[in-house]
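Data block below; observations after.
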Amino acid sequence: MSAGHEWEKIARDLLGRIEDGTYGAGDQLPSENELQARHGVARNTAQRALAWLVNRGYAEPRPKKGVFVRGYDRQLVDAGLGGESREAGARVEVGIVEPPGFVVVLMPDAIEVVRRRAIRPGRIADVYLAAELVERAPELRGPKPLQEPDAAWLGRAGLGVAHEATFIARMPSEEEERLLGLLPATPVLEQFSTLADEQEGRVLAVIVELYAGDRTALRATLAR
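Mapping of the sequence shown onto the UniProt record's numbering: residues 1 to 224, in sequence order.
Put into structure tokens, the structure is as follows:
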């Protein structure tokens, strides 16, 4: 930011006070009226300064209250197969779907694909399952949320699988922003995983999980 305009100077001043702790997480920033009086500027100038802080993720607006310093309270999530259930406490939707292109590429021989979608605050998980996997673990077809991690039902199905995961950070789509309840300028963390039969190497499940970037920290155990 160049700080050449009045709104930029005000925004830089407020940012400096956030960074030095003058304003901490949850503290209310000066109102538009206060900034107008303090700096002798027009209302639009004060609005632009506060909007810049909001759009950069430093502050958040609260209707009828003002603009507050944004805090980040991240929940630690285990990204492995033995971690917590992704469906515990979630709203679960299950059905046979026309798989997206990336799933078709990874599971070209799958005659039927079942998708389990789990939605909970700050997190969306889509699990695409080959029909043969669902036959070996029938609970995957029902809408009841699974209370166990993946390792549990994989064990009951008698499957040994190779688990690979890729992690990226990106900006959300409008639908993802709505489903996750994201504030402006909030990225999502995406975990893309495959479960493949250890003996044959065929992919039996594709998992796409999205997390609100301001509320999540992912932990993965790395093999040597």
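Here a beta-carbon is modelled for each residue, glycine too, at the ideal position from N, C-alpha and C.
Since we're looking at a predicted model, the values are computed, not measured.
Going by beta-carbon coordinates alone, are ILE18 and TYR58 separated by less than 8 Å?
Here residue 18 refers to the residue found at position 18 when the sequence shown is read from its first residue. Here residue 58 refers to the residue found at position 58 when the sequence shown is read from its first residue. Yes.
Which ranges would you report for the beta strand (DSSP E) in the segment 115 to 178 if only whole runs of at least 3 residues count?
Runs of the beta strand (DSSP E) inside the segment 115 to 178: 123 to 130, 161 to 170.
With distances taken Cα to Cα, identify the nearest neighbour of PRO184 among ASP13, GLY16, ARG56, VAL41.
For the purposes of this step, residue 184 is identified with residue 184 of the sequence shown, where counting begins at 1. Checking every option, the nearest Cα to that of PRO184 belongs to ARG56.
Check ASP13 in the structure and name its three-state DSSP category.
On the sequence shown, residue 13 is found 13 positions in, with the first residue counted as 1. The three-state reading of DSSP puts ASP13 in helix, counting H, G and I together.
CB contact below 8 Å: ALA165 versus chain D:
The structure shown contains no chain D; it holds only a single protein chain.
Separation of ALA130 from ILE96, as counted between CA atoms
In the sequence shown, residue 96 corresponds to position 96, counting from 1. In the sequence shown, residue 130 corresponds to position 130, counting from 1. Rounded to whole angstroms, ILE96 to ALA130 spans 10 Å at the Cα level.
To the nearest angstrom, how far is it from the Cα of PRO100 to the Cα of VAL92?
If you number the sequence shown from 1, residue 100 lands on position 100. If you number the sequence shown from 1, residue 92 lands on position 92. Rounded to the nearest angstrom, the two C-alpha atoms are 19 Å apart.
Could you give the uninterrupted runs of the beta strand (DSSP E) lying entirely in the segment 71 to 95, keeping only those of 3 residues or more?
Complete beta strand (DSSP E) runs here, min 3: 75 to 78.
GLN199 (DSSP reduced to helix, strand or coil)
Counting from 1 along the sequence shown, the entry for residue 199 is found at position 199. GLN199 falls in the coil class under three-state DSSP.
Quick check: PRO149 and GLU84, are their CB atoms within less than 8 Å of each other?
Counting from 1 along the sequence shown, the entry for residue 149 is found at position 149. Counting from 1 along the sequence shown, the entry for residue 84 is found at position 84. Their beta carbons are under 8 Å apart, which means PRO149 touches GLU84 by this criterion.
Around the C-beta of VAL103, are 16 or more other C-beta atoms found within 10 angstroms, so that it is buried, or is it exposed?
The residue you call residue 103 lines up with position 103 of the sequence shown. By the Cβ neighbour-count rule, VAL103 is buried, with 16 or more other Cβ atoms within 10 Å of its own.
Answer with buried or exposed for VAL105, where buried requires no fewer than 16 other C-beta atoms within 10 angstroms of its C-beta.
For the purposes of this step, residue 105 is taken as the residue at position 105 of the sequence shown. With fewer than 16 Cβ atoms within 10 Å of its Cβ, VAL105 is classed as exposed.
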